[in-house]
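In terms of the working numbering, the sequence shown opens at residue 5 and continues consecutively.
Built from N, CA and C at the ideal position, the CB exists for glycine as well.
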Amino acid sequence: MSDHTVLQVKGRVLVGPEDVRDELWVVGGRITYDRPSVSASEVVTVTGWALPGLVDAHCHVGLDAHGAVSAATSEKQALTDRDAGTLLIRDAGSAADTRWIDDRDDLPKIIRAGRHIARTRRYIRNYAHEIEPAELVSYVAREARRGDGWVKLVGDWIDREAGDLTACWPRAEVEAAIAEAHRLGARVTAHCFAEDSLRDLVEAGIDCVEHATGLTDDTIPLFAERGVAIVPTLVNIATFPALAAGGEAKFPVWSGHMRRLHERRYDTVRSAYDAGIPVFVGTDAGGSLAHGLVAAEVAELVKAGIPPLDALSATTWGARAWLGRPALDEGAPADLVVYGEDPRADVRALAAPRRVVLNGRIAG
Numbered sequence: 005m006s007d008h009t010v011l012q013v014k015g016r017v018l019v020g021p022e023d024v025r026d027e028l029w030v031v032g033g034r035i036t037y038d039r040p041s042v043s044a045s046e047v048v049t050v051t052g053w054a055l056p057g058l059v060d061a062h063c064h065v066g067l068d069a070h071g072a073v074s075a076a077t078s079e080k081q082a083l084t085d086r087d088a089g090t091l092l093i094r095d096a097g098s099a100a101d102t103r104w105i106d107d108r109d110d111l112p113k114i115i116r117a118g119r120h121i122a123r124t125r126r127y128i129r130n131y132a133h134e135i136e137p138a139e140l141v142s143y144v145a146r147e148a149r150r151g152d153g154w155v156k157l158v159g160d161w162i163d164r165e166a167g168d169l170t171a172c173w174p175r176a177e178v179e180a181a182i183a184e185a186h187r188l189g190a191r192v193t194a195h196c197f198a199e200d201s202l203r204d205l206v207e208a209g210i211d212c213v214e215h216a217t218g219l220t221d222d223t224i225p226l227f228a229e230r231g232v233a234i235v236p237t238l239v240n241i242a243t244f245p246a247l248a249a250g251g252e253a254k255f256p257v258w259s260g261h262m263r264r265l266h267e268r269r270y271d272t273v274r275s276a277y278d279a280g281i282p283v284f285v286g287t288d289a290g291g292s293l294a295h296g297l298v299a300a301e302v303a304e305l306v307k308a309g310i311p312p313l314d315a316l317s318a319t320t321w322g323a324r325a326w327l328g329r330p331a332l333d334e335g336a337p338a339d340l341v342v343y344g345e346d347p348r349a350d351v352r353a354l355a356a357p358r359r360v361v362l363n364g365r366i367a368g
């Protein structure tokens, strides 16, 4: 397919939850709903159910279980996500420089949160800037300037002396750091498994929390009141029992805590959704998890009790609006996925894209 070919997408174009059209056109890599004046020989037609390119709002391109990876491995990760229909990634922390991806029209668009910022010896080795609280503001400012409008903190992690998950940062330092990020035009998110760090982070003005397995009846209303989003990463939370088993002998309290967080994961997500907390799709791919799991995460949200159309929005229309990126809008870059079955009827259809269109060109 050449750069000059016009693409016609026919069938059901899901422009929005309530806006369904019969067709769209792609001219010069951009979407239009006005039929262009072209001959049939210049048109490639794709049929099916079309959605905006899927969003993985918690993904790590350039990272594996041991730290930063090569450009070749990063490329394979990004291509795996693309072929699964993920065309917009919020990279929630990476030790690798993946700016070169921005010059590739065949790879997903990435919104970077810079490198994780963690407490010394309180996170996965080789992942984060590991610092002490007095340095938090300066490191947040540094990553705010390097990122694409986001900064990623590690809000809690296992404290080996306590033998359990504990908060990583004092309240005053968190407040100052989030204020500095906001001053620089960046939003802040934080990795949080447990309960203890949540109130301080939200009251300090945080914009999002990753995983959020520690939400309780006490903190859910606070999140809802402040409009703080969560990205549950349920495909990652599924690994908690194995993690707990591995740490049982050395950290039995932590292991029990992780099991309890896992056992109530669906209730936690459904309670958050019912309270009006914005929920978005993220897989946590790139650490120990494979890339390309976005369809599985949407299915997990539905299993937790989120209505299918809202789970779809959490990886399409709603997620793109939250990140400030267009969906299937007139004049927008043509980033879309076409399916053979209606994903509104069964979100498992997302696992089998018929065609992936990125920057107006059929990919793969």
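Limits of the beta strand (DSSP E) - the one that residue i falls within
i: valine 211; result: It is worth fixing the name first, because residue 211 is aspartate in this sequence and not valine. First-last for aspartate 211: undefined, no H or E at that position.
i: threonine 170; result: 168–171
i: histidine 295; result: That residue, histidine 295, is in no beta strand (DSSP E); it is neither H nor E in DSSP.
i: threonine 49; result: 47–56
i: histidine 133; result: 133–135
i: leucine 340; result: 340–343
i: leucine 316; result: Here leucine 316 belongs to no beta strand (DSSP E); instead the alpha helix (DSSP H) covers 312–317.
i: arginine 94; result: 90–95
i: arginine 34; result: 34–36
i: valine 235; result: 233–235
Alpha-carbon spacing of residue i relative to residue j, whole angstroms
i: alanine 389; j: serine 142; result: Shown here, the chain extends from 5 to 368; a query on residue 389 therefore has no answer.
i: isoleucine 135; j: glycine 71; result: 17 Å
i: tryptophan 161; j: tryptophan 173; result: 11 Å
i: asparagine 363; j: glycine 231; result: 32 Å
i: arginine 94; j: alanine 300; result: 17 Å
i: glycine 251; j: aspartate 107; result: 43 Å
i: aspartate 333; j: histidine 215; result: 30 Å
i: proline 236; j: valine 42; result: 46 Å
i: tryptophan 104; j: isoleucine 115; result: 13 Å
i: aspartate 38; j: glycine 218; result: 48 Å
i: proline 245; j: aspartate 278; result: 26 Å
i: alanine 148; j: arginine 359; result: 36 Å
i: glycine 286; j: leucine 238; result: 8 Å
i: aspartate 222; j: alanine 228; result: 11 Å
i: aspartate 163; j: isoleucine 121; result: 16 Å
i: valine 73; j: alanine 44; result: 45 Å
i: leucine 342; j: glycine 368; result: Checking the sequence, you will find valine at residue 342 rather than leucine. Near 13 Å, if we compare the C-alpha coordinates of glycine 368 and valine 342.
Classification of residue i by the beta-carbon crowding that lies within 10 angstroms, buried from 16 upward
i: arginine 129; result: exposed
i: alanine 323; result: buried
i: arginine 329; result: buried
i: lysine 254; result: exposed
i: serine 201; result: buried
i: arginine 16; result: buried
i: glycine 118; result: buried
i: aspartate 26; result: exposed
i: serine 259; result: buried
i: proline 256; result: exposed
i: glycine 151; result: buried
i: glycine 89; result: buried
i: threonine 124; result: exposed
i: arginine 187; result: exposed
Local conformation of residue i per DSSP, three classes
i: isoleucine 281; result: coil
i: alanine 70; result: A small fix is needed here, since residue 70 is histidine in this sequence, not alanine. Three-state DSSP puts histidine 70 in coil, outside helix and strand.
i: lysine 156; result: strand
i: glutamate 199; result: coil
i: alanine 356; result: coil
i: alanine 180; result: helix
i: serine 20; result: Before going on, a small fix: residue 20 reads as glycine here, not serine. DSSP places glycine 20 in strand when its eight states are reduced to three.
i: threonine 77; result: helix
i: histidine 120; result: coil
i: threonine 243; result: coil
i: tyrosine 270; result: helix
i: isoleucine 366; result: strand
i: aspartate 204; result: helix
i: alanine 303; result: helix
i: arginine 4; result: Look at the range of the chain in this structure, 5 to 368, and you will see that residue 4 is not part of it.
i: valine 65; result: coil
i: threonine 102; result: coil
Delimiting residues of the alpha helix (DSSP H) encompassing residue i
i: valine 141; result: 140–150
i: isoleucine 224; result: 224–230
i: alanine 325; result: 321–327
CB contact check: residue i to chain B, cutoff 7 Å
i: alanine 54; result: In the structure shown, chain B cannot be found, because there is only a single protein chain.
The region 292–303 touching the region 189–199, judged by at least three CB pairs closer than 8 Å: Judged by Cβ distances under 8 Å, the region 292–303 makes no contact with the region 189–199, as fewer than three pairs qualify.
Is there contact between the region 345–365 and the region 95–106, where contact requires at least three CB pairs shorter than 8 Å? With the cut-off at 8 Å, the region 345–365 and the region 95–106 do not touch.
Does the region 255–275 come into contact with the region 35–53, if we say contact requires no fewer than three beta-carbon pairs (one atom in each stretch) closer than 8 Å? Segments in contact, no.
Hey, is the region 60–75 in contact with the region 22–37, meaning 3+ C-beta pairs nearer than 8 Å? No: the two stretches stay apart, fewer than three of their Cβ pairs being nearer than 8 Å.
If contact is defined by three or more beta carbon pairs under 8 Å, each pair taking one atom from either stretch, is the region 273–290 in contact with the region 177–187? Between the region 177–187 and the region 273–290, the count of Cβ pairs shorter than 8 Å is below three; the stretches do not touch.
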